[in-house]
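Novice:
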């Protein structure tokens, strides 16, 4: 397994002068440092969609937030089930894309001084207790601007589906608080803020 990981990371490690097929080209300290950079870059690429995939990810978050806010469990479950486990060339967002975009948005919103008071009452909507706990953890991290950077730590504590649900719940809860504080509907607010910034 370790060898498979090294081979997968080989192109990125080569950029740091590490030839995984020539152990004499590096020492363990250099390898570990290069691996840390390679893993961080791989995670960034995996969790940060661009173009049409990002647009589709934002659409998924809007649909899920509207369904959650209206108490439509069946539609919420359908949205979550419809998220692909892995990226597709058609631009369908993957689980990692939805998690990454959610965490990035939450960091941005909760660290924005102009939104601090509006989002202070953010509550995680009703769902499974484990996913709600994950959502609560995510919002706490986002208030420090650390949700996205903590994705590996979240995976150490929760399974992928729980993080996915927790991320979506955190987005929905944040939008609910924001909408209530500004006398808007979740739909109208979501349309305004869940879009690509040009």
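In my numbering, the protein residues as written are 348 to 545. We treat Cβ as the ideally placed atom computed from N, Cα and C, and that holds for glycine. The structure displayed is predicted, hence computed values, not measured ones.
1. Pull up the distance between the alpha-carbon of residue 428 and that of residue 376, whole angstroms please.
2. Give the DSSP-derived three-state secondary structure of residue 365 in the structure shown.
3. Identify the residues that DSSP records as bridge partners of residue 441: which are they?
4. When DSSP labels each residue in this structure, what does residue 522 get in the three-state scheme?
5. Comparing alpha-carbon positions, which option in 416, 456, 431 lies nearest residue 474?
6. Helix or strand or just coil, what does DSSP make of residue 546?
7. Assuming residue 447 contacts residue 395 (C-beta within less than 8 Å), just tell me the rounded distance between them.
8. In this structure, does DSSP put residue 531 in helix, strand or coil?
Specialist: Short version:
1. As a first step, residue 428 must be located in the chain shown, where it is residue number 81. As a first step, residue 376 must be located in the chain shown, where it is residue number 29. Taking the straight line joining both Cα atoms gives about 42 Å.
2. The count along the chain shown starts at 1 and reaches residue 365 at position 18. Coil.
3. Within the chain shown, numbered from 1, the residue matching residue 441 stands at position 94. Beta-bridge pairing links residue 441 to 431.
4. Here the question's residue 522 lines up with position 175 in the chain shown. In this structure, residue 522 counts as helix in the three-state DSSP scheme.
5. Along the chain shown, one-based indexing puts residue 474 at 127. Comparing Cα positions, the closest option is 416.
6. Since the first residue of the chain shown is 348 and the last is 545, residue 546 is not available in this structure.
7. Counting from one through the chain shown, the residue named residue 447 turns up at place 100. Counting from one through the chain shown, the residue named residue 395 turns up at place 48. Yes, they are in contact, since the Cβ atoms of residue 447 and residue 395 sit about 5 Å apart, within 8 Å.
8. If you number the chain shown from 1, residue 531 lands on position 184. Correct three-state label for residue 531: coil.
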